[in-house]
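Colleague:
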Amino acid sequence: MTREATLAGLRQSPELSVLIIGGGINGIGTFRDLALQGVDVLLVEKNDFCSGASAASSHMVHGGLRYLENGEFRLVYEALHERNRLLRNAPHYVKPLPTTIPIFNWFSGMLNAPLKFLRLRDKPSNRGALVIKAGLTMYDLFTFTQQATPRHKFHSKEASLRDRPQLNPDIVSTATYYDAWMPYPERICLELILDAEAASPKARALNYVSAESASGDVVTLKDELTGETYTVKPKIVINAAGPWIDFTNRNLKRETKFIGGTKGSHILVDHPELLAATRGHELFFENADGRICLFFPLQDRVLIGTTDIKISNPDEARCTDEEIDYMINLVRVVFPGITITRDQIVFCFSGVRPLPASDAATTGQISRDHSIRVTESGSGVNFPTFSLIGGKWTTFRAFSEQTTDQVLPRLRLDRRTSTRNLPIGGGLRYPTSEADKQRWLQRVESKTGLSRQRLEMLFERYGTRAEQIATFCAQTEDVPLQHVPGYTTGEIEFIATNEKVMRLDDFILRRSLLAMLGRVSGAGLVELAHVLAGSLGWSEAQTQAEIERAAMILRERHRVDLALRQETSLT
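For the sequence shown, the working numbering assigns the number 109 to the initial residue and increments by one for each residue that follows.
#1: State the Cα-Cα distance for the pair R229 and T470, rounded to the nearest angstrom.
#2: Measuring straight from C-alpha to C-alpha, what distance separates T493 and I346?
#3: Please report how far the alpha carbon of T370 lies from the alpha carbon of K343, in whole angstroms.
#4: Within this structure, are the beta carbons of E542 and D141 separated by less than 8 angstroms?
#5: According to the neighbour-count rule (16 or more other Cβ atoms, all chains shown, within 10 Å of its Cβ), is L549 buried or exposed?
#6: In the DSSP assignment, the alpha helix (DSSP H) including W289 goes from what residue to what residue?
#7: If you drop the 5 nearest sequence neighbours on each side, which residues of the same chain put their C-beta closer than 6 angstroms to that of K224?
#8: In the DSSP output, what is E704 paired with across the bridge?
#9: For the beta strand (DSSP E) that C456 lies in, which residues bound it at each end?
#10: Drop a sphere of 10 angstroms on the beta-carbon of N421, count the other beta-carbons inside from all chains shown, and report buried for 16 or more, exposed for fewer.
#11: Can you tell me whether T503 is buried or exposed? The criterion is at least 16 other CB atoms within 10 Å of its CB, across all chains shown.
#12: Using only CA atoms, which one of E112, D416, D271, G131 lies nearest to R618?
#13: When the Cα atoms are used, what is the spatial distance from L188 to G171?
#14: Report the residue from N134, E180, G146 whose alpha carbon sits nearest the alpha carbon of I474.
#15: For P539, tell me which candidate among A113, P199, L118 has the shortest Cα-Cα distance.
#16: I'd like to know whether the C-beta atoms of I133 and C158 end up nearer to each other than 8 angstroms.
#17: So the candidates are R518, V410, T208, I417; which of them puts its Cα closest to the Cα of D397?
#18: When DSSP labels each residue in this structure, what does R270 get in the three-state scheme?
#19: Would I412 pass as a contact of L383 if the rule is Cβ separation under 8 angstroms?
#20: By how many angstroms is the C-alpha of R362 removed from the C-alpha of T356?
#21: Excluding sequence positions up to five away, which residues of its chain have a Cβ less than 8 angstroms from the Cβ of G557?
#22: Under 8 angstroms, with one C-beta from each stretch per pair, do the stretch 121 to 128 and the stretch 146 to 153 reach the 3-pair mark?
#23: Can you give me the start and stop residues for the beta strand (DSSP E) that T328 sits inside?
#24: Taking just the CA atoms, how far does T572 sit from R537?
#25: Out of V239, P204, N197, which has the shortest C-alpha to C-alpha gap to F215?
#26: Using a Cβ-Cβ cut-off of 6 angstroms (strictly less than) and excluding sequence neighbours within five positions of S373, which residues of its own chain qualify?
#27: Assuming P444 and N276 make a contact with CB atoms under 8 angstroms, what is their CB distance in whole Å?
#28: Any contact of the stretch 255 to 266 with the stretch 278 to 286, i.e. 3+ C-beta pairs under 8 angstroms?
#29: Do V454 and V552 have their C-beta atoms within less than 8 angstroms of each other?
#30: According to DSSP, N213 sits in a beta bridge with which residue or residues?
#31: Excluding the 5 residues preceding and the 5 following D248 in the sequence, name in chain order all residues of the same chain whose CB lies nearer than 7 angstroms to its CB.
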């Protein structure tokens with residue numbers, strides 16, 4: 109169903125069972141789960157899907173090793189099992205990641221860890237080899253019967269330096285264990301939405317629609333693209349606005365103080381020496397201030413993060429000069445001989461973790477667990493509001509399931525199906541071996557006539573969903589772009605018309621990794637805008653406005669200045 113048809117349907121029939129406000133991973137996961145139970149559910153997102161906190165993660169899918177020290181055993185157990193499910197259900201976008209910890213002493217933290225567990229100490233303390241060994245052993249035990257990744261190993265100082273000569277020589281050893289990572293968190297969100305809408309005609313998702321106000325049985329929605337307003341009458345509202353939950357509740361006549369978010373910033377660097385030094389691993393370690401830090405390869409770049417700073421207004425989250433200096437210095441802790449300069453940074457991003465309000469002395473002590481806070485009818489509003497607090501990317505499916513299981517009884521409905529073993533998007537019928545992959549490629553090559561090289565690129569980007577895109581490209585005039593290597597007009601036209609693209613920045617930031625990897629030039633931005641314009645019906649004035657808007661977002665939010673010039677315009 110098109111966006112226009114969905115909006116027209118709301119005018120004709122405003123009543124629905126559930127309205128979800130917030131198109132991040134928790135709102136989208138709940139949207140999918142409710143759709144599969146046959147619930148008529150509408151999801152609205154003020155901006156693009158997965159454009160807030162869910163887009164600003166460290167791209168990790170992990171159990172949360174350090175949460176063990178805070179005694180959050182239930183969370184770690186749940187997260188590890190959910191990590192393994194994602195490896196199985198979304199193999200195209202969730203990949204195993206070997207993770208190496210440089211260790212600088214043997215015994216540090218042996219007293220601090222139990223004191224933190226007992227809430228008797230809140231100051232950071234370096235974790236030594238024995239504490240790390242205990243944590244990794246527990247990490248392995250939690251998934252003893254569901255072992256999807258290799259178990260941890262310790263390496264001597266000599267072996268570690270032999271394997272990575274540029275490591276800090278002050279280490280006493282290293283430890284290697286496995287977690288997972290996701291190159292395309294935004295595309296996971298998108299495919300969950302598309303899967304939900306395909307599964308149920310009662311499920312509808314709209315980006316660029318905000319919840320403006322509420323009164324009685326009615327919530328007023330605003331189309332952020334046109335300014336038009338719509339009214340809906342939900343039986344239940346789920347507030348999944350992440351860091352904006354309290355702001356959204358205020359619009360719904362609920363005064364809450366549920367969120368105490370912290371800002372996390374990251375940088376992407378083009379640094380072949382650092383890339384080679386990682387040897388394909390994530391480097392995961394503790395800085396002197398107690399902050400857990402990491403860096404790892406993301407294609408041919410290196411992602412570095414992260415900061416952890418309290419912030420009251422998530423709209424103000426930007427990566428600052430001080431944070432950049434902090435992250436550059438992080439690398440020197442592990443590889444003191446490697447120098448990073450600012451001109452090697454290709455992209456910066458910053459977001460706010462939707463952590464629960466807390467009076468903890470340090471941000472690291474604030475729980476990363478999730479909870480549901482229900483505000484019943486009252487204060488002039490005749491429906492309950494479920495606020496989804498906290499949560500990790502890794503545990504979204506479990507959080508969504510728990511939310512759905514609280515909503516269904518209020519609608520007098522029973523659960524029909526579980527999402528535990530449900531493939532996501534291009535993870536459906538994903539080849540399980542290299543031989544299976546080659547057979548898949550051969551079949552699609554015979555069907556479409558596209559080259560094997562092109563199909564491998566599409567498969568890497570979209571998993572088995574690549575077959576739909578390849579079929580579309582084979583049936584249209586598919587021309588390689590001049591200024592955006594690796595992309596063709598057909599691929600972009602397919603995404604524009606099938607993946608809810610409304611703005612130019614939707615494509616460069618959330619339907620692809622082009623911006624994050626520093627692969628957007630001024631000429632490329634203009635070229636992409638004109639291809640999208642042909643599919644989305646933009647006028648020349650609108651096309652130019654989209655170019656200027658995208659360039660402004662890259663400059664102000666991601667510190668990428670494309671220096672657009674008049675001569676880059678296409679005619």
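Glycine included, C-beta positions come from ideal geometry on N, C-alpha and C.
Computed from a predicted model, the values in this text were never measured in an experiment.
Modeller: To lay it out plainly:
#1: Only weak support is given to the placement of R229: the predicted model assigns it a pLDDT of 49, under 50, and the value that follows is read from those uncertain coordinates. CA-CA distance, R229 to T470, rounds to 11 angstroms.
#2: Roughly 6 angstroms separates the two Cα atoms.
#3: Near 32 angstroms, if we compare the C-alpha coordinates of K343 and T370.
#4: Contact check for E542 against D141 fails: the beta carbons are separated by 8 angstroms or more.
#5: The residue is buried, with at least 16 neighbouring Cβ atoms inside 10 Å.
#6: First-last for W289: 281 to 289, but that is the beta strand (DSSP E), not the alpha helix (DSSP H).
#7: Note that K224 scores 49 on pLDDT, short of 50, meaning its location in the model is unreliable and no value can be drawn from it.
#8: In the structure displayed, the chain extends from 109 to 679; residue 704 sits before or after that span and is not available.
#9: Secondary structure note for C456: its beta strand (DSSP E) is the uninterrupted segment 453 to 461.
#10: By the neighbour-count rule (16 or more Cβ atoms within 10 Å), N421 is not buried but exposed.
#11: Buried, because 16 or more other Cβ atoms sit within 10 Å of the Cβ of T503.
#12: Comparing Cα-Cα distances from R618 to each of E112, D416, D271, G131, the minimum goes to G131.
#13: Looking at the two C-alpha atoms, the distance is approximately 4 angstroms.
#14: Ranking N134, E180, G146 by Cα distance to I474 puts E180 first.
#15: The option with the nearest alpha carbon to P539 is P199.
#16: Yes, the pair counts as a contact, with Cβ atoms nearer than the cut-off.
#17: It is I417 whose Cα lies nearest to the Cα of D397.
#18: In this structure, R270 counts as helix in the three-state DSSP scheme.
#19: Taking 8 angstroms as the Cβ cut-off, I412 and L383 do not qualify as a contacting pair.
#20: Going by C-alpha positions, T356 is about 8 angstroms away from R362.
#21: Listed in chain order, the non-local C-beta contacts of G557 below 8 angstroms within the same chain comprise A582, local neighbours out to five positions each way being set aside.
#22: Judged by Cβ distances under 8 angstroms, the stretch 121 to 128 makes contact with the stretch 146 to 153, as three or more pairs qualify.
#23: Going by DSSP, T328 is part of the beta strand (DSSP E) stretching over 326 to 331.
#24: R537 and T572 have their C-alpha atoms spaced approximately 7 angstroms apart.
#25: When only C-alpha atoms are compared, the closest one is V239.
#26: T415, C427, E431, S458.
#27: Indeed they touch by this definition, with Cβ atoms about 5 angstroms apart.
#28: By the C-beta criterion, the stretch 255 to 266 is judged to be in contact with the stretch 278 to 286, since at least 3 inter-stretch pairs fall below 8 angstroms.
#29: Contact: no.
#30: Paired residue(s): none; N213 is not in a bridge.
#31: Counting only Cβ-Cβ distances below 7 angstroms, and skipping sequence neighbours, we find R259, H260.
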